Structures are given as structure tokens and as C-alpha cells.
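Please read the structure below before turning to the comments.
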Amino acid sequence: MKNYIHLGLIIFSINLSVNVSSQDTLWINPGLWNQSVDTMSVLRFNETEVYDTSNVALSVYEDVSWLLTVINNDSEPHNFEIDGFMSFGVEILPSDTTTFEVPPLPMGTYRYYSSDQKGVYLGLSGVLKVGLNLPNQFHWNLSDCMPERMDSISSGGELLDDEPYVPRYFSINSYTFPHTPLDVNGYVALNLGDTCTISIVNSGFMDHVLHFHGFHVEYLSSTMQASRVGWIKDTIPLQRGEGVTLLLIVNQEGIYPVHNHNLIAVTNSGFYPGGMLTLINVAP
Amino acid sequence: MRLIITILLVGVFVCVNSHISQAQHSSTPPILFTGMEGILISDNGMEIPTWGYGYTADGFITVPGPLLEYVTGDEVNLAFVNNSPESHTIHLHGLDVDQANDGVPTTSFLVVQGETGSYSFTSSEPGTFLYHCHVTTTLHLTMGMYGMIIVRHPGGVLFEGGPSYYTDAPLLFSDLEIATNLDPVQSFPFHDIRPDYFMVNGRSGTQLETGSTGIPGEPGTIISCPNGESIALRLGSMAYTLTRVIIPTELEAMCWMSDGRPVPTPFAANTLDIFPGERFTVLISPDSEFDGTIEVQSWDMVNREYIHSNYIRVRDASLDIDNSQNQKPLSLSISPNPSSDYITVKSTDGSYINDWSIYNTSGKIIINGHSDSPSMRIDISLLESGSYILESRNGDLNYRARFIR
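Same order as they appear, the protein sequences are chains A and B. Counting from 8, one number per residue, gives the positions in the first sequence under the numbering used here. Counting from 2, one number per residue, gives the positions in the second sequence under the numbering used here.
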């Protein structure tokens with residue numbers, strides 16, 4: 008673990024200002040996701056026709072409708088939805104392109120995803136940021152998965168109702184620790200006194216809870232716990248499908264973990280440490 | 002009429018009450034010791050191996066560990082002696098300490114066997130916090146290496162400008178997977194740890210009802226609350242499950258703080274979901290002659306399925322406590338404890354002690370005997386220094402209590 012932290016320090020010793028450009032076209036790309044002893048067939052929303060392991064984050068203005076084009080490179084149709092706002096879904100046929108209008112959304116962080124079975128189980132789900140203006144923005148797309156289920160779905164099989172769900176991988180933007188410091192969108196590298204937003208969605212099949220070392224953060228939005236806006240906390244629950252926006256002011260220098268405090272989720276196929284664990288690195 | 006409300010809680014915090022005067026002053030901070038040979042007596046009498054923290058160097062530990070108490074603004078230097086065979090740390094969960102004192106092995110420091118570590122920080126914010134070992138955390142937590150921290154604000158208020166209250170009731174929710182604790186070496190892989198024993202302050206089931214069965218000799222604590230005053234429930238989770246706390250509406254529960262910060266708008270907290278690592282501070286204002294329970298539900302985080310409920314008794318102490326249903330006899334009391342020469346053992350319900358044995362931490366009988374009396378005196382001067390369990394058998398009932406020589 009230590010070696011990887013040092014790797015992260017070297018790579019990201021320069022403060023990064025992460026900006027996700029407004030994206031008006033998404034490609035649904037099939038690909039492979041390698042983790043530990045497993046290689047899983049997955050689907051991703053990418054910003055080009057080239058497969059990338061992470062779903063791209065969308066960033067749009069608040070209270071303004073927008074046009075989104077989705078190109079489906081998969082062999083099956085998919086339904087595009089946004090939690091709480093586009094529950095009707097837009098179907099995109101295989102090898103087809105669909106353009107549709109997304110309704111105006113208030114400031115916040117939302118999950119956009121494919122609601123069909125294959126899309127759900129193969130990880131077709133991303134972060135939508137609305138109306139966030141700070142120059143320092145990060146996003147964490149949380150996910151959990153059970154490779155055996157993914158293998159079954161990707162090979163055209165069906166899930167058994169009585170099959171227990173036993174996730175073995177827990178990821179942030181498709182990265183698992185110790186590789187999370189390589190993720191420029193999720194690894195929070197800032198200078199002392201900086202402010203940033205962190206947009207988080209839970210794309211997994213279970214609830215998660217993230218604990219911040221060294222800092223408290225303020226809720227700016229939540230799609231499922233709106234009453235928590237304004238709360239200042241160090242431990243943030245994320246229900247399945249929830250999106251939250253957090254404000255972080257880094258008021259002390261150093262390296263501090265952020266990790267899932269359901270501690271089965273800081274493992275990779277049972278090995279500790281791993282999974283949903285990343286770092287905040289604050290330079291003097 | 003003076004209203005006295007009792008919350009039948011667990012002995013762990015009774016244990017630590019004797020240390021409160023030590024802990025409240027930063028000039029004489031507590032020293033914590035680790036141990037990996039603890040035994041948690043379950044509600045059905047099973048002995049579950051635990052690791053944890055304690056106040057004595059002989060390896061005597063409690064689950065949860067001692068309650069650490071500070072005052073807003075304290076400059077704290079928390080010493081930590083690791084006499085156990087594995088490395089450990091203390092992570093001060095929620096106190097926003099600097100990197101050097103964060104208790105994460107790779108970014109802070111590791112305390113190996115035989116070494117002493119020291120954590121320095123300022124308890125700048127009042128509230129409810131936690132501490133735990135951050136070495137192979139998934140395993141060390143289920144083994145029991147955690148405790149609660151309360152930072153009180155001067156003046157008897159929760160925080161500056163916040164409500165006043167009479168006293169605290171710390172409630173630390175946790176769980177464990179028995180198979181993991183029985184054989185931690187073979188417990189890999191960790192992703193499928195599924196708790197099957199659920200605790201409030203280290204106790205479960207009927208242990209919470211009477212504050213007794215099988216737990217090291219400490220009776221339930223009594224919290225007094227004058228009429229019109231409030232009790233601050235200090236709720237925190239070190240569980241692997243979602244904890245749902247259901248508080249009777251008659252207690253007028255209001256949540257004022259979470260994770261060591263005031264919430265912008267206090268809210269009624271009759272049902273409160275507490276995820277692992279979260280804390281809430283809730284004030285309750287019991288009415289006269291109230292007698293009811295706070296239900297503590299445990300929910301599987303993976304499949305969102307209900308698993309188990311514990312119940313915490315809250316009642317007006319002026320009511321006849323012996324009327325409670327299914328109440329089990331109270332356990333043994335031992336005094337003085339620790340002792341170097343003699344201990345006096347009493348069965349707190351007046352029944353005869355009958356056959357008794359003293360076990361060392363390896364489970365070996367060191368002394369045994371018989372007593373046709375509810376009390377007796379035992380010479381322990383020849384025992385080696387350490388912790389022991391005294392067990393007596395009275396019919397089908399086993400009584401246990403722990404003492405330190």
C-alpha cells in the first residue's frame with residue numbers, strides 16, 4: 008500500500024485542476040475490466056467510440072434543458088435514465104444513435120444510467136453534475152460487483168432469484184485501491200486552503216458509506232436525503248442510486264484516506280486493503 | 002416529584018465511569034493498552050474471542066474499549082502501549098487530527114509489539130466521536146478494537162449556543178461474525194464477513210435487559226434525569242450493518258448533532274438510520290412513569306434485509322424494576338477490583354454461590370471451591386498478576402465476573 012501512496016505522491020505532486028467538459032455525446036462501449044484475479048465484461052458510457060474503463064462524467068448548467076446524443080455500440084438495446092428526472096427512459100437500439108432533450112435540472116449531482124438488466128449489471132452508470140462552478144471539481148462513481156453475475160449476464164444467462172449477492176469488488180470510477188491515486192477525476196490533490204466540490208453517485212447494488220479522514224465536508228445536494236443539505240459531516244451514507252454533492256475546504260496539509268466504512272468494501276476479492284479507498288493529498 | 006429515568010445499559014461504560022475523573026483532565030490523560038486475548042461472553046453464554054483496548058497492562062480489555070472523555074479545547078496526548086503480538090494503531094475517527102496523528106499505518110505510524118505510541122490533538126469541536134485500530138481494519142474492527150469518544154462543551158450544553166442537558170448515555174452499536182472471531186487467522190477472505198452477533202455497548206439480548214448475564218460482573222448503569230431535563234443519547238456505529246434506532250415518541254427525541262457538528266435544523270428522531278462510522282447526538286425528555294424500550298435494529302448492508310433487534314430499556318426508576326418480565330438474576334459483584342490479596346464475592350440477587358471456579362485467561366481452572374452463602378472472601382495473594390474470570394454455578398445458571406489481580 009505504501010508504495011502505491013508514494014506513486015500517487017510523485018504523479019500528483021502538482022496540483023491538478025480537474026475540469027470535466029460539457030459532453031453532449033455519449034458512446035455505449037463494451038469492453039473488459041481487469042481486477043485482481045478476474046476479468047469482467049462490462050459496458051461503459053464513454054466520450055468517444057474508444058472504450059475506456061470509467062464512465063464519463065457529464066457536466067451541464069442548472070435549470071437549462073439540453074440535447075444529448077447517445078450512440079449504442081453494444082449488441083443490445085439500452086434505456087437511458089436519470090434518477091428522479093427521466094424515469095420514462097429513452098431506448099437506444101443496437102448500433103443506433105438517438106438524440107433527445109434532457110429536462111432542466113436543479114443544481115446537484117445525479118446518476119445517469121441504463122436501466123435495462125444488461126446495462127445495470129455490467130456497469131453502465133455515470134455521474135451527472137449540474138450547475139457546479141468551482142474550478143476544483145472531483146467525482147466518485149461508486150460501484151460494487153460480483154464477477155459471477157456479470158459473467159452470467161454478459162453471456163446471455165439469467166440471474167437466479169435465490170442466488171445471494173456477494174460482491175467481491177468495490178470501486179470508485181472503476182478504480183480500486185491501490186490504483187485509485189491514478190484516477191485524475193477521483194484523487195483529490197489540492198493546495199492548502201483550496202475549496203472543491205466532490206460529486207458522488209452510488210451506482211452499485213448496495214448502500215455505501217464513505218468516511219473522510221482529516222476533514223469534514225458540507226452537503227450541497229442530495230437526491231435522496233435533501234434534508235441533509237447544509238449538514239457538515241465526516242461520514243457520508245449513499246443509498247443505492249443516490250447522488251450527493253459535497254463541499255470540501257482543505258484546511259490542513261497532508262495525505263488523508265477516504266474510504267468505505269462498511270469495511271468489507273475496502274477489499275479486492277477479499278484482500279485488504281483495496282476497494283473503495285482513495286486519498287486526499289493537500290500540498291502546503 | 003423528582004422524576005428519575007433509568008436506562009438499563011451495559012457495564013462497559015460503568016467500568017469506565019471509574020476512570021472518568023482521570024480522563025476528564027488532559028493533564029492526566031489515560032493510557033490505553035491493547036490485548037488480543039479478550040473474551041466476550043455472549044447472550045447465550047458463548048465465549049467469543051476478542052481483541053481490543055483496555056486501561057491495564059495485563060491484557061484485560063473490553064468491547065467496546067474504554068470511553069474517552071474530553072472537554073472542548075483540551076490539548077490531548079493519548080498514550081498507547083501495545084503489548085499484544087500484532088501491530089495496532091488508534092484512529093481518532095471524526096476528530097480531524099493531522100496526518101501524523103491519524104492512526105493510519107502508512108501515512109501516520111504503526112505501533113508494533115512492545116512499543117508505545119502517542120497521539121496529540123486538540124479536541125476543538127464538541128460532539129460524539131469514535132476511535133479504532135486502523136491496521137487490517139476489516140479484521141481488527143470485527144475483533145473488537147474500537148471505542149467511543151465524547152467531547153463535552155463547558156456549561157452543560159451540547160455545543161456553544163446549543164441546548165442544555167443533564168447527562169450522557171453513550172450507545173455504541175457494533176457487531177461481529179462469530180466464525181471470524183473464533184478463528185481470525187483463517188478468516189480470509191474479508192469481503193464476505195456477515196455479522197451474526199449484534200451489540201449495544203458490547204452487550205446483546207437479555208444482557209441489555211438486566212445488564213447482567215455473563216458479562217464481567219458489572220450491573221446495568223442507572224442514569225438519573227430530573228424532571229424537565231434531557232438525556233443526551235450519544236449514538237455511534239462501529240458495525241458492519243446499518244443500525245436503525247427506533248425511539249418511542251413519548252421520549253420526544255430530537256437530533257441536534259451528527260458527526261461532531263450541530264445540524265442546521267434539529268429534527269424529531271423517532272427513527273434514525275446510522276451507517277457504519279456515523280454518529281448522532283439525540284436528546285430525549287422522558288415523561289414521568291415512562292417505561293418502554295428503544296429498539297435497535299440491524300440491517301444487512303448488502304441486501305437491505307432486516308436481521309436482528311436489540312432493545313434498550315428506558316424507564317422511570319421509581320417504578321418497581323423487579324416487575325420486568327423474564328428478568329434474570331443479577332450476576333456476581335467483586336470488590337475490591339483490582340486487588341492484590343483478597344476479594345469479596347457477592348451474588349447480587351442474594352442466591353447462594355454454590356460451586357465456583359477461577360479461570361485464567363487461557364481457560365485453565367486455578368482455584369475452585371464451594372460456598373453455601375450469597376457472599377464469600379477469597380485469598381488471591383498467590384495468583385500471578387493478571388485478569389481472571391470467576392464463575393459460579395447455581396442450578397442451571399452460570400454467573401461470571403472478571404477481576405484483576
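Heads up, the beta-carbon is just placed ideally off N, CA and C, and yes, glycines get one too. Nothing here was measured: the structure is a model prediction, and the numbers come from that model.
Alpha carbon to alpha carbon, how far is A:V265 from B:H94? So the alpha carbons of these two residues sit roughly 12 Å apart.
With burial defined as no fewer than 16 other Cβ atoms inside 10 Å of the residue's Cβ, what is the status of B:M146: buried or exposed? Buried is the call here.
Using a Cβ cut-off of 8 Å (strictly closer), state whether A:H223 contacts chain B. Taking Cβ atoms only, chain B reaches closer than 8 Å to A:H223, which makes this a yes.
For A:S28, decide whether its Cβ has a neighbour in chain B, counting only Cβ atoms nearer than 8 Å. Residue placement at A:S28 cannot be trusted, given a pLDDT of 44 that sits under 50; what the coordinates show is reported in the next sentence. Nearest CB-CB separation between A:S28 and chain B: not below the 8 Å threshold.
Starting from B:F199, follow its DSSP beta bridges and name the residues at the other end. In the DSSP output, where bridge partners are listed per residue, B:F199 has B:D176.
Are the beta-carbon atoms of A:L75 and A:F107 separated by less than 8 Å? Yes, the pair counts as a contact, with Cβ atoms nearer than the cut-off.
Please state whether the Cβ-Cβ distance between A:A196 and A:N140 is less than 8 Å. Against a cut-off of 8 Å, the Cβ pair of A:N140 and A:A196 comes out as no contact.
Helix or strand or just coil, what does DSSP make of A:N10? Interpretation of A:N10 is limited by its pLDDT of 40, a score under 50 that renders its predicted location unreliable; no figure is taken from the coordinates.
Close-in-space but distant-in-sequence residues of the same chain around A:N62 (CB under 7 Å, 5 per side omitted): So the list reads R51, F52, S132, G133, N148, once near-sequence residues are dropped.
I'd like the list of long-range same chain contacts for B:I379, defined as Cβ closer than 6 Å, with 5 residues on each side in sequence excluded. Contacts found: I344.
Specify, as a first and last residue, the run of the alpha helix (DSSP H) that A:E155 falls within. For A:E155, the enclosing alpha helix (DSSP H) stretches over residues 154-161.
As an exercise, report each continuous alpha helix (DSSP H) stretch of at least 4 residues that is fully enclosed by the stretch 102-145 of chain A, in chain order. With a minimum length of 4 residues, the continuous alpha helix (DSSP H) runs that stay inside the stretch 102-145 of chain A are 124-128.
Helix, strand or coil at B:P337 according to DSSP, with G and I counted as helix: Three-state result, B:P337: coil.
Looking at the secondary structure, which residues open and close the alpha helix (DSSP H) in which B:L140 lies? Where B:L140 is concerned, the enclosing alpha helix (DSSP H) stretches over 138-143.
Is it the case that the Cβ atoms of B:S239 and B:S340 are separated by a distance below 8 Å? According to the sequence as given, residue 239 of chain B is Met; it is not Ser. No, these two residues do not count as a Cβ contact at 8 Å.
Quick check on DSSP: helix, strand or coil for B:E1? As displayed, chain B neither begins before 2 nor continues past 406, which places residue 1 of chain B out of reach and without an answer.
Chain B within 8 Å of A:G261, Cβ atoms only: Interface criterion met: the Cβ of A:G261 is under 8 Å from a Cβ in chain B.
Between the C-alpha atoms of A:W238 and A:H85, what's the straight-line distance to the nearest angstrom? Per the coordinates, the alpha-carbon of A:W238 lies some 37 Å from the alpha-carbon of A:H85.
Can you find a CB in chain A that lies within less than 8 Å of the CB of B:Q100? At least one chain A Cβ lies under 8 Å of B:Q100.
Where A:N62 falls: helix, strand or coil (DSSP): Under the three-state reduction of DSSP output, A:N62 falls in the coil class, being neither helix nor strand.
Run through DSSP, which three-state label would A:L100 get? Of the three classes helix, strand and coil, the one that applies to A:L100 here is coil, per DSSP.
Should B:L96 and B:S124 be called a contact, given that it needs their Cβ atoms to be closer than 8 Å? Taking 8 Å as the Cβ cut-off, B:L96 and B:S124 qualify as a contacting pair.
Chain-ordered neighbours of B:D103 on chain A, where CB pairs are closer than 7 Å: Chain A residues near B:D103: H220, G221, Y263.
Same chain, Cβ closer than 8 Å to B:I49, five either side skipped, listed in chain order: So the qualifying residues of the chain are I40, L41, I42, S43, L177, I179, N182, L183, Y198.
Outcome for B:V283 when other beta-carbon atoms lying within 10 angstroms are tallied against a minimum of 16: Buried: at least 16 other Cβ atoms inside 10 Å.
Nearest chain A C-beta to B:L234 closer than 8 Å, yes or no? Taking Cβ atoms only, chain A never reaches closer than 8 Å to B:L234, which makes this a no.
Three-state secondary structure (DSSP) of A:A233: Three-state result, A:A233: helix.
Leaving aside the five residues before and after B:V112 along the sequence, list all residues of the same chain whose C-beta is less than 7 Å from its C-beta, in chain order. Correct list, in chain order: F81, N83, S88, H89, T90, G118.
Find the residues of chain A that neighbour B:D169, judging by a C-beta separation of less than 7 Å, and give them in chain order. The premise fails here: B:D169 is roughly 20 Å from chain A at the closest Cβ pair, so nothing lies under 7 Å.
Whose C-beta lies closer than 6 Å to the C-beta of A:Y11 among residues of the same chain, with five residues either side of it excluded? Residue placement at A:Y11 is poorly supported in this model, since its pLDDT is 40, which falls under 50; the coordinates still yield a value, given next. Apart from the 5 residues on each side of it in sequence, A:Y11 sits with its Cβ closer than 6 Å to the Cβ of P185 in its chain, given in chain order.
Give me the chain A residues within the contact set of B:F189, using Cβ-Cβ distance strictly less than 7 Å, ordered along the chain. Against chain A, the beta carbon of B:F189 has neighbours under 7 Å at G277, listed in chain order.
Closest to B:F34 by C-alpha separation, out of B:M47, B:N45, B:W52, would be which residue? Nearest C-alpha to B:F34: B:W52.
Between the C-alpha atoms of B:N304 and A:D214, what's the straight-line distance to the nearest angstrom? Across the structure, B:N304 and A:D214 are spaced so that their CA atoms are roughly 9 Å apart.
Any beta carbon from chain C within less than 8 Å of A:M114's own beta carbon? Of the chains in the structure shown, none is chain C; the protein chains are A and B.
Check the Cβ of A:Y194 against every Cβ in chain B and list those closer than 9 Å, keeping chain order. Residues of chain B passing the Cβ test: none, with the nearest at roughly 14 Å.
What in chain A is Cβ-close to B:P265, meaning under 8 Å? Here the neighbours are G237, W238.
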